[in-house]
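Under the numbering used here, think of the first position of the sequence shown as 976, with each following residue one higher. Built from N, CA and C at the ideal position, the CB exists for glycine as well. This structure is a prediction, so every number in the text was calculated from the model and none was measured. These notes concern the structure reproduced below.
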Amino acid sequence: MGSVAEDDGFETLAIHAGQEPDPTTGAVTPPVYLTSTYAQDGVGGTRGGYEYSRSGNPTRTALETCVAALEGGVRGFAFASGLASTDTLLRTICAPGEHVVIPGDAYGGTYRLFARVLEQWGLDYSPVAQHDLDAVRAAVHDHTRVIWCETPTNPLLGIADIAALAEIAHDCGALLVVDNTFASPYLQQPLSLGADVVMHSTTKYLGGHSDVVGGALVVASHELGEELAFHQNAIGAVAGPMDAWLVLRGIKTLAVRMDRHCDNAEKVVEMLRSHAGVAEVLYPDTNEVAKRQMRRFGGMVSFRVSGGEAAALEVCGKTRLFTLAESLGGVESLIEHPGRMTHASVAGSTLEVPGDLVRLSVGIESVSDLLADLERALA
Ligand SMILES: *Cc1c(COP(=O)(O)O)cnc(C)c1O
976 MGSVAEDDGF ETLAIHAGQE PDPTTGAVTP PVYLTSTYAQ DGVGGTRGGY
1026 EYSRSGNPTR TALETCVAAL EGGVRGFAFA SGLASTDTLL RTICAPGEHV
1076 VIPGDAYGGT YRLFARVLEQ WGLDYSPVAQ HDLDAVRAAV HDHTRVIWCE
1126 TPTNPLLGIA DIAALAEIAH DCGALLVVDN TFASPYLQQP LSLGADVVMH
1176 STTKYLGGHS DVVGGALVVA SHELGEELAF HQNAIGAVAG PMDAWLVLRG
1226 IKTLAVRMDR HCDNAEKVVE MLRSHAGVAE VLYPDTNEVA KRQMRRFGGM
1276 VSFRVSGGEA AALEVCGKTR LFTLAESLGG VESLIEHPGR MTHASVAGST
1326 LEVPGDLVRL SVGIESVSDL LADLERALA
C-alpha cells in the first residue's frame, strides 16, 4: 500500500491515498469489491487479511485510508451514515453514567441521538454554547468523557475554538471530538489543533454529489483506533462497498469543489448583506477564531428574512435553481427552512432555531445564475 509520500499535498492525497493501481489487473480506480466473504487458503489462511465484509472490505479500506490521510490521523473508519459513526464512537469511548458536552446548536440528528437514544442507554449530556469557553469550563465535571464540538455549526454557523476546547477536554481527562462535516478537511483539520477524533457525515462535502449516505471517523491514536475497529465490527453499521466507492470518487475533487463552493458562497453573502429583504446574514468570514483555524469559510450560508417565518417560508418556495431539500454539500445548490425541516426535531428544546431562518447550501453552478435566483425569490 501507499505510493503516497509523507509530505504529499492535500490534493495529491485526495486522489492517491489508499488508491494504488489494483495489483492483479492494474485498474487505476479501486474496484468495487461487491463480496460478503473471502476464500481462505486453508483454515485461517486469508489473502490480505479479509475474511468477512462487515469486518473489512478492500473498497472500504481504500476510503478509510484516504480519509485518515486527509485529516492527518492514524486510522480512518467508514460507516453507513454520519449518525451511525457518531453512535458507534460514543458507545466505544463512553460508558453509561458518563457525561458529554454537546453544542448548544448541534445538528438536529446529533441532538436527537443524545436525547432519544443515548440518554436511555445512560449517557448524560449538556447542551452548551461552545463559543463561550467559560460556559464549557463550567459544564465539564468528573464524569465528563467527551466534549462534542461542531464548528461551524448547523444551521447557525457558530464557531468554536478547537484548540481551546481540546485544552479544556484534556485538562479534565476527556476527549475532544469534532464534527468536521461543514468545513471538510480541506478547510479545517481538527486533529492538528489538538482534537482526538474527527467525525464526518460523508453524505455532504466528502461525497459531494448528493448520491450517497455515509459517515466517517478519523482518530489520532492507535489505541483508540483498535477499540474503534472492534466496535465498528461488533456493532456492524459499516459502509457498503458501493457507498464507499462513491465517497472515494467524490473525494478526488474535494479541493476544487470546496474552492468553488467558497467563491460562490462569498458572492452570495455579499449580495444578501446588502439586500433590504434580509435582516441578518450568518457566515463565519468575520469571526476571528474562524480566520485562525479555517482556510476559507465554506459553502453554507444562513440568513434571517425580514418579515418573519411566513416570509422565510415564501422565499424557500420561490427559488428555481436552489432546490428545496434537506442535506447539503453537493454540487447543486439547495435551500431549506431549518425550523420546519432539518431541525424540526429540536422544536421546543433549547436548541430551537428562529422561524425566519433560511439555510443555503451554495453549489458550484454559475454564480450569476444563483444570485439572480435568490434576488427573484427575495423580491
Ligand atoms: C448530516 C449531518 C450529520 C448526520 O449525518 P448523516 O449522514 O445524515 O447520518 C451530522 N452532522 C452534521 C453537521 C450534518 O450536517
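Next on the checklist: Quick check: is any heavy atom of ligand 1 less than 7 Å from the C-beta of residue 1157?
Outcome noted: yes
Item to check | Beta-carbon proximity list for residue 1144, same chain, < 7 Å, skipping 5 on both sides | outcome: 1122, 1150, 1151
Item to check | Cβ shell of residue 1211 (< 6 Å), same chain only, five flanking positions each side left out | outcome: 1029
Checklist entry - alpha helix (DSSP H) containing residue 1033: first to last residue? => result 1033-1046
Checklist entry - What are the residues that DSSP puts in a beta bridge with residue 1053? => result 1191
Next on the checklist: Does residue 1060 pass the burial test, meaning 16 or more other C-beta atoms within 10 Å, or should it be called exposed?
Outcome noted: buried
Checklist entry - Quick one: Cα of residue 1203 to Cα of residue 1048, how far? => result 14 Å
Checklist entry - For residue 985, which three-state DSSP category applies? => result helix
Item to check | the stretch 1168-1177 in contact with the stretch 1120-1139 per 3-pair CB rule at 8 Å | outcome: yes
Next on the checklist: According to DSSP, residue 1124 sits in a beta bridge with which residue or residues?
Outcome noted: 1153
Next on the checklist: Using only CA atoms, which one of 1352, 1057, 1142 lies nearest to residue 1250?
Outcome noted: 1352
Next on the checklist: Less than 8 Å between the C-beta atoms of residue 1246 and residue 1336, yes or no?
Outcome noted: no
Checklist entry - Is it the case that the CB of residue 1303 approaches a heavy atom of ligand 1 more closely than 7 Å? => result yes
Item to check | For residue 1241, three-class secondary structure by DSSP | outcome: helix
Next on the checklist: Taking its Cβ as the centre, do 16 or more other Cβ atoms sit within 10 Å of residue 1236, making it buried, or is it exposed?
Outcome noted: buried
Next on the checklist: Under DSSP, the alpha helix (DSSP H) around residue 1301 begins and ends at which residues?
Outcome noted: Per DSSP, residue 1301 belongs to no alpha helix (DSSP H) and is neither H nor E.
Item to check | Backbone secondary structure at residue 1269 - three-state DSSP | outcome: coil
Next on the checklist: Using DSSP's beta-bridge definition, name the partner residues of residue 1078.
Outcome noted: 1103
Checklist entry - What three-state label does DSSP hand residue 1137 in the structure shown? => result helix
Item to check | Assigned secondary structure, residue 1321 (DSSP; H/G/I helix, E/B strand, else coil) | outcome: helix
Next on the checklist: Tell me the residue span of the beta strand (DSSP E) that contains residue 1175.
Outcome noted: 1172-1176
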